[in-house]
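Everything below concerns the one structure shown next.
There are 2 protein chains.
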Amino acid sequence: MSGRLRGVTEVAQRKQTRISRRQVDKFDARRTELAVATLHTLAELGYARTSLREIAQNSEFSHGVLHYYFADKRDLITEAVRQYEVVCVTRYDEVVARAKSAGQLRDEFVAMFFDTLEKDAILHRLWYDLRNQSLFDESFRAAVLEIDSHREAMVWRVVSRYAELVGGTPAASASMIYLTLDGIFQRALLHHLSGNADTVAQLRVELPAAVGLLVTVAE
Amino acid sequence: MSGRLRGVTEVAQRKQTRISRRQVDKFDARRTELAVATLHTLAELGYARTSLREIAQNSEFSHGVLHYYFADKRDLITEAVRQYEVVCVTRYDEVVARAKSAGQLRDEFVAMFFDTLEKDAILHRLWYDLRNQSLFDESFRAAVLEIDSHREAMVWRVVSRYAELVGGTPAASASMIYLTLDGIFQRALLHHLSGNADTVAQLRVELPAAVGLLVTVAE
DNA sequence: AGAAAAACTTGACGACTGTCAAGGAATAAC
DNA sequence: GTTATTCCTTGACAGTCGTCAAGTTTTTCT
C-alpha cells in the first residue's frame, strides 16, 4: 500500500517505525535539511510570502517531498523555527566564557551584537516576523514563548556576569533587561535594513551606556 | 468613458478632479471608511491572511469597489496604516496635560498603558505586524518609520514631563526611552494574547520602576 | 539475484488570490 | 425629464496556494 493519508500523529508513527529500524538518522537528517531550506526561504521572503513550492526550489527536491516529511505547512514551519533556535540561542556564550574583565565583556558583547545584526539580518527579521505571527496564530505560540525565554536567559547570562565582573548587581529583572536589549536590537535591525547607517551607529554608541544603566555598581 | 485603467497617479488625478468639483468630501470619506474597514480586518487576521474580499465583507460594499478608490492593495493598506496613526499617536497627551504631580502622571500613564494594551490589543498587534512587514517590503518603510518616530515623540513627551515634575532629567535618549517602553508593551502584548495574565501583572508591577530608571533625579 | 520498502517526482484537484472590464444603479447637471 | 457622470456590483481572468494520489526511481533486505 502506498497510502499517503498522514496526519501529524501518523508522521510521528512513521518516524517511530524508522527509529526501530535504526534509520532514524536518515529520516531526521532530511527533515532537518528541509527545515533549514525552509528557514532560508522564510528569511528571504517573510512568512506572508513563503510558499511550499518556493521552499522546495531552495532545496534540491520537488515540492511533493515536503508532505512526505511533514504533516502540513505548520509542521514544517514549526520545525524551521526550532532550527532557528539551534543557531541563535548560544551566540554570546563564548563571549561570556572568555571575558576576563568587565570592559572586555562589554566591548565584545557590543561587537557581537552589531556583527550578527548585520551578518544575520534576514534571519533575525524572520524571528521577529514569526514572533509576531504568533500573536495571530496560536499554533506558533508555544515554540515562540520557549525561544523567547531562551533568549532572555542568554541575555541574563551576559548581564549578570557583567555585573559580577564590575562588582555590582543587575538593576532590573531578567525580563526587563531582555526586552531592553531586544528593543535596541529590533530598532537597530529596522534601521539597518532601511539603509539608515547613521541611526545604527548612534545605537552602537548608546548601547554600552544602556548596559551600564541596567547594572548598579555597589558603593 | 468608463475607463478603469488607473495607476496611482490616475487615482490622484481623479481625486484632483473631485476637488475642483467640491466633492472631495464624499470621495475621501469613502476612502477613509474603506481604510478603517481594512484596518479592522488586518487587526483581526494579520497581514499574511488578509484578502481584499475579506476586507470588503467587513464593509458594506463589494470587493470591486476597493479598486475604484485605491490603485492597488498596497495603496489600500498604506492608507489603513495612516488611519492607525490617527487613532494611536496622541493617546497619552491628555494624561500629560492634566498631570499635576509626578506620581499622578506615572500612575495614570501606567493605567493608560495597560488599558489600551487590553482594549486595543488586536490593533496593536497589527502595528507590530506591519512594522515587521516593512522589514521585508520596502513599500511600507516610509510610513512605518514616520509612525515610529511619532510614537517616540509621544513617549518622550510623557517621560520628559515626568522628569520635569520630579525635578530631574531623562537618563537616556528619546530613542532609548521609546524602545524600552515599547519593548515592555510588546512583551506585555504577547503574554496578554497568550492568556498569560500573571506575566502581564508582573510587567505592570515593574513598569513604574522602569520609568524611574529612565529618569535621574537631581541631587 | 529478486522482492519489498522507502524516497522522491509528477501532475492534478479545488480553493483562493489581486486585478479589472462590462454593465447596472444612483446621483448630478442641464 | 433627459442626458452625463459618478458610484458600485458582478463575474471573469490568470495566477498561486496547500494538499494529495499515483507512479517512478532508489535503496534495503533476504
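Sequence lines, in order, name chains A and B. Under the working numbering, the first residue of the first sequence is numbered 1, with each subsequent residue one higher. Under the working numbering, the first residue of the second sequence is numbered 1001, with each subsequent residue one higher. Where is the CB? At the ideal position from N, CA and C, for every residue including glycine.
At the level of alpha carbons, what is the spacing between residue 1039/B and residue 1187/B? 22 angstroms
Residue nearest to residue 1092/B in terms of C-alpha spacing, selected from 1119/B, 1101/B, 1102/B and 1110/B: 1110/B
Residue 1085/B: contacting residues in chain A (beta-carbon distance under 9 angstroms): The premise fails here: residue 1085/B is roughly 17 angstroms from chain A at the closest Cβ pair, so nothing lies under 9 angstroms.
Would you mind telling me which residues of chain B sit closer than 8 angstroms to residue 58/A, beta carbon to beta carbon, in chain order? Chain B residues near residue 58/A: none, gap ~16 angstroms exceeds 8 angstroms.
Give me the DSSP bridge partner(s) of residue 1169/B. 1216/B
Could you spell out where the alpha helix (DSSP H) holding residue 1132/B opens and where it closes? 1121-1133
Could you check which residue in 102/A, 180/A and 84/A has the C-alpha nearest to that of residue 168/A? 102/A
Any beta carbon from chain A within less than 7 angstroms of residue 1187/B's own beta carbon? yes
Cα separation between residue 22/A and residue 59/A? Any reading at residue 22/A needs caution, since the residue's pLDDT is 47, under 50, leaving its predicted position unreliable; the model's value is listed next. The straight-line gap from Cα to Cα measures roughly 25 angstroms.
Have a look at residue 119/A and residue 142/A and give me their C-alpha separation to the nearest angstrom. 28 angstroms
In whole angstroms, what is the alpha-carbon distance linking residue 174/A and residue 54/A? 39 angstroms
Taking C-beta to C-beta, are residue 1206/B and residue 154/A nearer than 7 angstroms? no
How should residue 79/A be labelled, buried or exposed, when 16 other C-beta atoms within 10 angstroms of its C-beta is the threshold for buried? buried
To the nearest angstrom, how far is it from the Cα of residue 1217/B to the Cα of residue 1106/B? 15 angstroms
Does DSSP put residue 1092/B in a helix, in a strand, or in coil? coil
Using only CA atoms, which one of 194/A, 27/A and 213/A lies nearest to residue 1170/B? 213/A
Just to make sure I have the definition right: I need the residues of chain B whose C-beta is within less than 7 angstroms of the C-beta of residue 184/A. Which are they? 1179
Cβ closer than 7 angstroms: which chain B residues qualify as neighbours of residue 222/A? Since the first residue of chain A shown is 1 and the last is 219, residue 222/A is not available in this structure.
From residue 1064/B to residue 1034/B, what distance separates their C-alpha atoms? 12 angstroms
The region 24-49 of chain A: which residues have C-beta closer than 8 angstroms to a C-beta of chain B, in chain order? 45, 46, 47, 48 and 49
So is residue 1136/B in contact with chain A if we call contact Cβ pairs under 7 angstroms? yes
Taking the alpha helix (DSSP H) that residue 185/A belongs to, which residues open and close that run? 174-193
Reduced DSSP category for residue 1100/B - H, G, I as helix; E, B as strand; rest coil: coil
Buried or exposed, going by whether 16 or more other CB atoms sit within 10 Å of the CB of residue 37/A? buried
Rounded Cβ spacing between residue 1056/B and residue 1126/B (contact assumed at less than 8 angstroms): Not really, about 18 angstroms apart at Cβ, beyond 8 angstroms.
Host alpha helix (DSSP H) of residue 1054/B (start-end): 1052-1057
So, residue 150/A versus residue 89/A, is the Cβ gap smaller than 7 angstroms? yes
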